[in-house]
Amino acid sequence: MKTGKLWMRCVLFAMLSLAFGLVHAQSDCKNRGDLDVQYCDENKDLVADPPKDVKRFKNPNTLVFTYTPVEDPAVYEKIFKPFTDHLAQCTAKKVVFFQVQSNAAEIEAMRSGRLHVGGFSTGPTAFAVNIAGAVPFAVKG
């Protein structure tokens, strides 16, 4: 019986710690809009601001690029080869093409930091901005 009470106390403590962390994260940001709690939009431009703490900036050795899910990924890897080569030249980094299987997978890969540059189709772009902190900068046309 004591083990059950101890376990419940641990669970309750963990839940309260998580809730306090979320409230604290929210209080650090004056404007979030529709962005996920890990992002902030204090300049109100509708996209995530860069982290205030420079230690949170990422500088991967290899950049991962993907394009919205398509029926034949091999074709698109060839089509985007000039772009990935140019990106590698401009950044002095290795760039790899990684094809995702769904829009949700593309957004989650960016949110988790496994995707650095992505071509999003129009529908998922707002989700990528709000959920993954994507900052759109170009339109294919």
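For the sequence shown, the tail end lands on 135 under the working numbering, and the numbers increase by one without skipping. Every residue gets a Cβ at the ideal spot worked out from N, C-alpha and C, and that includes glycine. Quick caveat: nothing in here was measured; it's all calculated off a predicted structure.
Whole-angstrom C-beta distance between residue j and residue i, which should lie under 8 Å
i	j	result
Lys88	Asn55	7 Å
Asn97	Pro63	6 Å
Ala42	Val129	7 Å
Ala86	Met104	Wrong, their Cβ atoms sit about 22 Å apart, outside the cutoff.
Distance CB(residue i)-CB(residue j) smaller than 7 Å
i	j	result
Leu40	His110	no
Gly117	Glu100	no
Glu71	Phe91	yes
Asn124	Asp22	no
Thr60	Val94	yes
Pick from the options that is closest to residue i, judged by C-alpha positions
i	options	result
Tyr33	Ala122, Phe131, Val69	Ala122
Gly107	Glu65, Arg50, Pro76	Arg50
Asp30	Glu102, Asp66, Phe131	Glu102
Unbroken beta strand (DSSP E) run spanning residue i, endpoints
i	result
Leu81	It is not in any beta strand (DSSP E) - Leu81 instead sits in the alpha helix (DSSP H) that spans 75 to 85.
Phe92	Premise fails: Phe92 is in no beta strand (DSSP E) and is neither H nor E.
Val136	What the structure shows of the chain is the stretch from -5 to 135, and residue 136 is not part of that stretch, so it cannot be assessed.
Per-residue burial, residue i [other beta carbons within 10 Å of its own, 16 or more giving buried]
i	result
Glu36	exposed
For residue i, the first and last residue of its enclosing alpha helix (DSSP H)
i	result
Thr60	Careful: Thr60 lies outside any alpha helix (DSSP H), inside the beta strand (DSSP E) at 56 to 61.
Phe121	116 to 126
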